[in-house]
Amino acid sequence: MASFKPTKIQVYPKLGEKVTQDTLYWKNYKAPVQIKEFGAVTSIDFSPVTPHNFAVTAFTRIHIYGPFSQEPVKSFTRFKDTAYCGRFRSDGQLLVAGCEDSVVRLFDVSGKVALRLFKGHTKAVHLTDFTSDRYQILTGSDDYTCRLWDIPNATELTTYTEHTDYIRCGVTSKLNRDLFITGSYDHTVKLFDARVEKSVITMDHGQPVESVLLYPSEGLLVSAGGRHVKVWDLLKGGQPLVSLKNHHKTVTSLALSSNGQRLLSASLDRHVKVYNTTNYKVVHNFDYAASILSLGLAPDDASIVVGMTNSILSIKHRKNQEDSKEIAGQQRRRPSYRVFVKGKNYVPKQDDYLVSKPVKEHLAKYDKQLQRFNVSKALDTALGTYIRFRKPEITVAVIKELDRRGTLKNALAGRDERGLSQLLNFIIGNLVDARFTPVLVTAAEMILDIYQSVIGQSPVVDRQLLRLQDLVKREIEFQKDLLEVLGMLDTMFASSLPRKEVLAQFYRPPLGGAVTSKKLNFHS
Amino acid sequence: MVEHGDIRVVHCGGSKINFRDPVITHDSRFLLCASGEAVKVFSTSTEECIHELRGHTGLVTGVLLRPSNHLQVYSSSLDGTLRLWDFTDGILIKTCVIGYPIYSFYASDKHENVIFIVASMPKRFQLVAVHLPQSGDQMVEAQELSAVLSGVNPNPAAIAFGRGGEFIASVNDLQLEVYFFKKQKSYRFFLKEDNKKGGWNTFTCVACHPKDDCIATGHEDGKIRLWRNFNHKKEYTYSTLHWHHSTVSSLCFTPEGTNLLSGGVESVLVQWRYNQESERDFLPRLGGAITHITVSPDGSLFCTSHSDNKITIIQSCVKVSAVIQGLVKGDSIRTDLMMDPRSKALVLNGKPGHLQFYSLQRDKLLYNLDIVQQEYIHESGLQQFEVVKAAFDASGSWLATVEERHQKAAELELNLKLWAFDEQTQSFVLNTTISAPHDAQITAMCFCQPTDSQTTLLVSTSKDGHFKAWQLAAPAHTEGPSWLCDFVSAYHGLVPECCSFSADGSLLAVVFQEVVTVWSPSTWELLTTLSQPPGAVSDLCFGRLSCSKYLLGTTASNLLCWNLLTCSLEWTTSMDVRRLVADPLSENMAAFCYQSGSTDLFVFKPSEPRPLFSHKAVCSGKVTQAVFAPREEMLESCEESSQWLNRSQLYFLTQQMDLMTFTTKAEEDRLLASSKQLVIDDSVAMTPFYLLLGKHRQQQQEHQDSDSSLWAERTALPQTSASMKELLQTPAHVLPSTSYLCSMFVQSLLISVSDARSAHAEEEMESEKEEEDSEEEMESSRSKPELAAAAATESDTPALTKAQARELRRVRKLDHSWLAGLLDS
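Here it is in structure tokens:
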């Protein structure tokens, strides 16, 4: 006597990315905190000292936020025009910022008024940074020059005029006080040495450079510009290592995760992509509402801060390990769980003789009803609220099973207004889903056959039938359009193939599915 | 062309065992059933076939235990004979020639030496009483025939004896006829043809209550009627039971009459309580539709035959204890005949939705592989998933199956499943399911058989005009490897009919109607096309080994052979080849050609102009399925005509779904010799009679052990054991009747009761009871008497006690009397 074979629920391939360690790690953030700034957020810089406040440069202000505050703990507003590139010194005491009015200002983090003003640039200053000895400032400007300034005297030390276009980004070495790197709109990235007072390495990025980033070891340099992110090996004299093209708009900002294993790039295409730095494959992707101008990552990846063109600052905090553990602990303490596992976790000792109890096969409720040939009840169960909305594939599988048994008509018949409208609702909701269409079309036809005599008696059902009719009409139009597109594509494929002696048509489908799946992929 | 006398076409196993209702012996240890031209004796506990009672020359149509001797069995056949067998030894005792083909037969206790047979007299079937002549000859002819009823149904379920033979009930169409033997009178009851509710009242089967005046009849609409008071023409009554939704095919009362069993298409065994019909027990999902139900004489075992060639043995309606499964042959075999490369089993469609693996060597079903994995609904006229194609790869580690379900209105449902062989469970495990692999039906499927490369390739061709290549993709990090589509191609919108890989896997040939296209599987480049109009190529085969440069194809009128090196036609002959098979172990090919109503076989090498072997009229009708099965050990035949059978054996299915094969004379001789040896071994097996004797001897042995002072016992032993030995070695059919012998033995068992040591005897009785409980114990102690006997011969003969002397005398008397009996016969 064979046992009852339960209804087979078709497993549909899951769309979207696969779950990996990276997805789990990068998904483990809370819902973002959104803060409206006064203008587009152009720069975000984290303070190197705890509590790791961060400076947000937006329009004519620089706000400093604490790690968990939603209000700025401090703001610098003494700018005549748009401020750029607010950066902390390595001790977190001083902050430097450029401005549209070509003046570079140095602030004490606790003060309000600028300590020093560095004047000398003739155009907007987009790049400011402290050198690693803390006594000098690097600036880069739209007047094609970059300069080194002495902080105590507020005097200009050197001017470098090697770039031939705007200098928009740059970084100083954390290990050597004389080395710094600038990226310019003249497509080049230059490594300067203050001791020889000229550039020592020039790398051609190929596009206006928007952002540069040094690895903690400072052997590798990452530059972003246009749609490309390029990695250069500085120890080999600026040899290009890898070129990544994963964005479809200009990449604006770069960041490195705290352990140096992951590289993040933000772009105007509203995505932040996470790369593995060993094989430079994209391992995760964040979506944002608007084009991203700046990106910051807190130490230990405790939060991701993103500034966008629509002047929104989005802060995502990492979920606390303790929080999640506590929730799990609460679940374990539930009494029903204890009852459920009672005796199940007993491990037999060495000399114990095991008497196996026949495992009682668990059947779903609809399967139990199908086993007793209660077809209407089985369909009702499968149309229950939870299954209908959360697992429509179960409902469809039960309908298919009933159809296979030849009893679908019996199951569909004899429903009142509420039952029928529920059924129609489900069909309307899922009819155009390519996975369910073949089954539901049969069911819809049967419903029309069975209930055609009662059309006009219930306004609810009539309205739904009209919706169904409309839906089918639209779907047919849609399919027709798609077939046209497919025809055009076929002609293109055929003409692009080289002429052969024997005419044969080839194409390799991208997936395991058939040609039909190709057709259906268009609207899924 | 020469006919070869020493190669013969023979039926090969897999005959029906569900043709007629099986019989369970009185001790419930054996089950007898008609199977083709033989009667098979199965053990009810181990499911093994113990004997095959061969001798009939026509289909066996019934098996019945002889009412007067429970160790003998009658069988009837369409060859017009009744045969009496001793089923424990498998010996034919008597043959009774009737002269008419017998369709079914009946016997009862009340009518000694009378057998009732259903034979086809001119125009209609008649129930005829046959008086068996009482002569000692092996072959007798029955002369005394007297018709009892005429116009009966040849179906054996349509006639039944009531109340131990007082009356006989027969149903036919819409009529129930009851004939009383004492009154010599028959009553007929009619039902209306069709009642208003759409039921069909046609009778299908009948069963009579063993103690009560009650007849149960089954009907086509699923009703069961219980008839009472039928010994009056007018005052009869009936009550109706209804549970089955379609035809009741079998009914049976338990021996005590407390329960009624019924079964039908639903494959549910229903047990109705007699007189409390509202209480029912069910045993669902037994397999195919139930065709027969029988109950063992003691009521402890039920047994159901199923339409899928299966007999299920059930312990009193609660538990299935054994399943005897024959080769399942449906109306059509949709998959080809195939060989499983691992188990060397024949693989074909079995139960609905299953593939069966059938061992040809042991003539036994190994297992069924559930392909569809869905609940089978037992309802006629329902379209369900069917396995239509299957293919193995060369090493047997992958199996591809296609199942389809075609409904009139809806679109075709098609699933391609790939199964990986699991070493641990030694069976196939589902790896990938591809739903809707093609838009239309799949016409052919084959695996690439490369010897060295790691990648496995599957090619499927479909009526949608495409052929697709499927490849095992690298394992993803979460799950194991799965199959993906690698390549799709078409050729001028023609429909591909079949495909084939060359032996080394370097070439793929796909037939598009008249055109054979040859592809390279590594680059998917079309290499060449071959065509020989007119007529579409229907079958394709690459040559093997030394003939690997040849490609053979068949059209409706020609057999074509292309040379792949020159891409030209090598030779062609005009014949209507229906099936072309290549031997995987040699260059040989077998072609089955259909010619004027029968099929001819040609075995040839593609490189040689003359066929190796030809056989005209292998069978009538077309042969569409055939396969070469590799032999376990090679034959060493040196005759030229039979050399092609050395490495592998050719099996084929005829239009009547009979599995046939070719054997040589030498092989048959060897088989015969081995089977003879088997019979001798079996005669030492445990028979009930042997058990009785063994127990007796053992009892004596224990007696000795318990009381060591009684040395005298031992003297009696040699003699008894000698007589018993003689008894056991004499063939059963020359022995006097068992009832006669039995009474003597019962007497001999009773001696110790009269003895002075009666208390001691009681102890023995108890121990005997214990022995009955466990058979194992008995078997383990069986060797003891022999040891004792050996010891006894050495010892001197001390004085006999009184009782011993009496026993000895009795034994001597016994010995004498049975010898006398032997002389009489």
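From first to last, the protein sequence lines stand for chains H and W.
For what it's worth, our numbering labels the leading residue of the first sequence as 30, then goes sequentially.
For what it's worth, our numbering labels the leading residue of the second sequence as 6, then goes sequentially.
Just so it is clear, CB atoms sit at the ideal spot from N, CA and C, and this is done for glycine as well.
*Residue range of the unbroken beta strand (DSSP E) whose run includes residue 285 (chain W)*: In the second sequence, counting from the first residue as 1, residue 285 (chain W) sits at position 280. That run of the beta strand (DSSP E) goes 281–288.
*asked:* Tell me which residues share the same chain as residue 517 (chain W) and place their Cβ nearer than 6 Å to its Cβ, disregarding the 5 neighbours each side in the sequence.
replied: As a position in the second sequence, residue 517 (chain W) is number 512, starting the count at 1. These residues qualify, in order along the chain: 496, 499, 501.
*Residues, ordered as in the chain, of the region 42–66 of chain H that lie near chain W by beta-carbon distance below 9 Å*: 47, 48, 49
*State the Cα-Cα distance for the pair residue 238 (chain H) and residue 252 (chain H), rounded to the nearest angstrom.*
For the purposes of this step, residue 238 (chain H) is taken as residue 209 along the first sequence, with counting starting at 1. For the purposes of this step, residue 252 (chain H) is taken as residue 223 along the first sequence, with counting starting at 1. Their backbone Cα atoms lie some 7 Å apart in a straight line.
*asked:* For a test of the three-state rule: what should DSSP assign to residue 552 (chain W), helix, strand or coil?
replied: Translated into positions along the second sequence, residue 552 (chain W) becomes position 547. In this structure, residue 552 (chain W) counts as helix in the three-state DSSP scheme.
*asked:* Against chain H, with Cβ distances strictly below 8 Å, would residue 382 (chain W) count as a contact?
replied: By one-based count along the second sequence, residue 382 (chain W) stands at place 377. Taking Cβ atoms only, chain H reaches closer than 8 Å to residue 382 (chain W), which makes this a yes.
*Just mark residue 264 (chain W) as buried or exposed, buried being the case when its beta carbon has 16 or more other beta carbons within 10 Å.*
Translated into the one-based positions of the second sequence, residue 264 (chain W) becomes position 259. It is buried - the Cβ of residue 264 (chain W) has at least 16 other Cβ atoms within 10 Å.
*Closer than 7 Å by C-beta to residue 233 (chain H): which residues in its own chain qualify, once you throw out the five before and the five after it? Chain order, please.*
As a position in the first sequence, residue 233 (chain H) is number 204, starting the count at 1. 216, 217.
*Quick one: using the 10 Å Cβ neighbour count with 16 as the cut-off for buried, is residue 317 (chain W) buried or exposed?*
Counting from one through the second sequence, the residue named residue 317 (chain W) turns up at place 312. Under this definition residue 317 (chain W) is a buried residue.
*To the nearest angstrom, report how far apart residue 202 (chain H) and residue 419 (chain H) are at their CA atoms.*
For the purposes of this step, residue 202 (chain H) is taken as the residue at position 173 of the first sequence. For the purposes of this step, residue 419 (chain H) is taken as the residue at position 390 of the first sequence. For residue 202 (chain H) and residue 419 (chain H), the distance between alpha carbons rounds to 54 Å.
*Would you list the residues sitting across from residue 359 (chain W) in a DSSP beta bridge?*
The residue given as residue 359 (chain W) occupies position 354 in the second sequence. W:375, per the DSSP bridge assignment.
*Amino acids of chain W, ordered along the chain, whose beta-carbon sits closer than 7 Å to that of residue 467 (chain H)*: Working through the first sequence from its first residue, we reach residue 467 (chain H) at position 438. Those within 7 Å of residue 467 (chain H) in chain W are 416.
*asked:* Is there a C-beta anywhere in chain H that falls below 8 Å from the one on residue 831 (chain W)?
replied: The requested residue 831 (chain W) is not part of the displayed model; chain W covers only 6 to 830.
_Helix, strand or coil at residue 833 (chain W) according to DSSP, with G and I counted as helix_ = Past the boundaries of the shown model lies residue 833 (chain W); chain W is included only from 6 to 830, so the question cannot be answered.
*Hey, quick one: how far does the beta strand (DSSP E) through residue 176 (chain H) stretch, first residue to last?*
If you number the first sequence from 1, residue 176 (chain H) lands on position 147. From DSSP, the beta strand (DSSP E) with residue 176 (chain H) extends over 175–179.
_Beta-bridge partners of residue 79 (chain W), as assigned by DSSP_ = Counting from one through the second sequence, the residue named residue 79 (chain W) turns up at place 74. W:69, W:89.
*Who are the near neighbours of residue 66 (chain H) in its chain, counting only those whose CB is closer than 6 Å to its CB and skipping five residues on each side?*
Reading the first sequence from its first residue, position 37 is the one you call residue 66 (chain H). Within the same chain, residue 66 (chain H) has close Cβ partners 87, 340, 342.
*Short Cβ contact (8 Å threshold) for residue 89 (chain W) with residue 71 (chain W)*: Counting from 1 along the second sequence, the entry for residue 89 (chain W) is found at position 84. Counting from 1 along the second sequence, the entry for residue 71 (chain W) is found at position 66. It is a contact, given that the beta carbons lie within the stated cut-off.
*So which residues of chain H does residue 754 (chain W) contact, with C-beta pairs closer than 8 Å?*
Counting from one through the second sequence, the residue named residue 754 (chain W) turns up at place 749. Within chain H, no residue comes near residue 754 (chain W); the closest Cβ sits about 41 Å away, beyond 8 Å.
*What are the start and end residues of the beta strand (DSSP E) that includes residue 433 (chain H)?*
For this step, residue 433 (chain H) is matched to residue 404 along the first sequence. Residue 433 (chain H) -> not in any beta strand (DSSP E); alpha helix (DSSP H) instead, spanning 421–433.
*Indicate, with yes or no, if the ligand FAD has a heavy atom lying under 7 Å from the CB of residue 230 (chain H).*
Ligands are entirely absent from the displayed structure, and the ligand FAD is therefore not among its contents.
*Please report the residue range of the alpha helix (DSSP H) in which residue 504 (chain H) lies.*
In the first sequence, counting from the first residue as 1, residue 504 (chain H) sits at position 475. Run containing residue 504 (chain H): 488–525, per the alpha helix (DSSP H) assignment.
*Cross-chain neighbours of residue 387 (chain W) in chain H, by beta carbon under 9 Å*: Position 382 of the second sequence, counted from the first residue, corresponds to residue 387 (chain W). Residues of chain H passing the Cβ test: 433, 434, 435.
*Got a sec: is the Cβ-Cβ distance from residue 378 (chain W) to anything in chain H below 8 Å?*
For the purposes of this step, residue 378 (chain W) is taken as residue 373 along the second sequence, with counting starting at 1. It does: the Cβ of residue 378 (chain W) has a partner Cβ on chain H nearer than 8 Å.
*With residue 131 (chain H) and residue 154 (chain H) assumed to form a contact (beta carbons below 8 Å), what rounded beta-carbon distance in angstroms separates them?*
As a first step, residue 131 (chain H) is located in the first sequence; it is residue number 102 there, counting from the start. As a first step, residue 154 (chain H) is located in the first sequence; it is residue number 125 there, counting from the start. Their Cβ separation, rounded to whole angstroms, is 6 Å, which keeps residue 131 (chain H) and residue 154 (chain H) in contact under 8 Å.
*Do you know how far the Cα of residue 462 (chain W) is from the Cα of residue 478 (chain W)?*
To locate residue 478 (chain W), count along the second sequence from 1; it is residue 473. To locate residue 462 (chain W), count along the second sequence from 1; it is residue 457. One C-alpha to the other measures close to 10 Å.
*Report the neighbours of residue 397 (chain H) on chain W: residues whose CB is nearer than 9 Å to its CB, in chain order.*
In the first sequence, the residue the question calls residue 397 (chain H) occupies position 368. Under the 9 Å cutoff, chain W gives no residues; its nearest Cβ is about 13 Å from residue 397 (chain H).
*Endpoints, the alpha helix (DSSP H) within which residue 476 (chain H) is located*: Position 447 of the first sequence, counted from the start, is the residue given in the question as residue 476 (chain H). 466–480 is the span of the alpha helix (DSSP H), which, as asked, contains residue 476 (chain H).
*Mind checking whether residue 622 (chain W) and residue 605 (chain W) have CB atoms under 8 Å apart?*
Position 617 of the second sequence holds residue 622 (chain W). Position 600 of the second sequence holds residue 605 (chain W). The answer is yes: Cβ separation under 8 Å.
*Whole-angstrom Cβ separation of residue 225 (chain W) and residue 205 (chain W), contact assumed at under 8 Å?*
Counting from 1 along the second sequence, the entry for residue 225 (chain W) is found at position 220. Counting from 1 along the second sequence, the entry for residue 205 (chain W) is found at position 200. Confirmed, Cβ separation roughly 4 Å.
*Straight-line Cα distance separating residue 523 (chain W) from residue 531 (chain W)*: For the purposes of this step, residue 531 (chain W) is taken as residue 526 along the second sequence, with counting starting at 1. For the purposes of this step, residue 523 (chain W) is taken as residue 518 along the second sequence, with counting starting at 1. Cα to Cα, residue 531 (chain W) sits roughly 6 Å from residue 523 (chain W).
*asked:* Please state the DSSP three-state secondary structure of residue 57 (chain W).
replied: Here residue 57 (chain W) corresponds to residue number 52 of the second sequence, with the count starting at 1. Here residue 57 (chain W) sits in strand by DSSP.
*In chain W, which residues lie less than 8 Å from residue 33 (chain H) when you measure between Cβ atoms?*
Looking up residue 33 (chain H) in the first sequence gives position 4. Those are 290, 380, listed as they occur along chain W.
*Are three or more beta carbon pairs between the region 395–402 of chain W and the region 435–445 of chain W nearer than 8 Å?*
no
*Limits of the alpha helix (DSSP H) - the one that residue 405 (chain H) falls within*: Here the question's residue 405 (chain H) lines up with position 376 in the first sequence. Per DSSP, residue 405 (chain H) belongs to the alpha helix (DSSP H) from 404–411.
_Neighbouring residues, chain W, relative to residue 37 (chain H) (Cβ below 7 Å)_ = The count along the first sequence starts at 1 and reaches residue 37 (chain H) at position 8. Near residue 37 (chain H) (Cβ distances below 7 Å), the residues of chain W are 378, 379.
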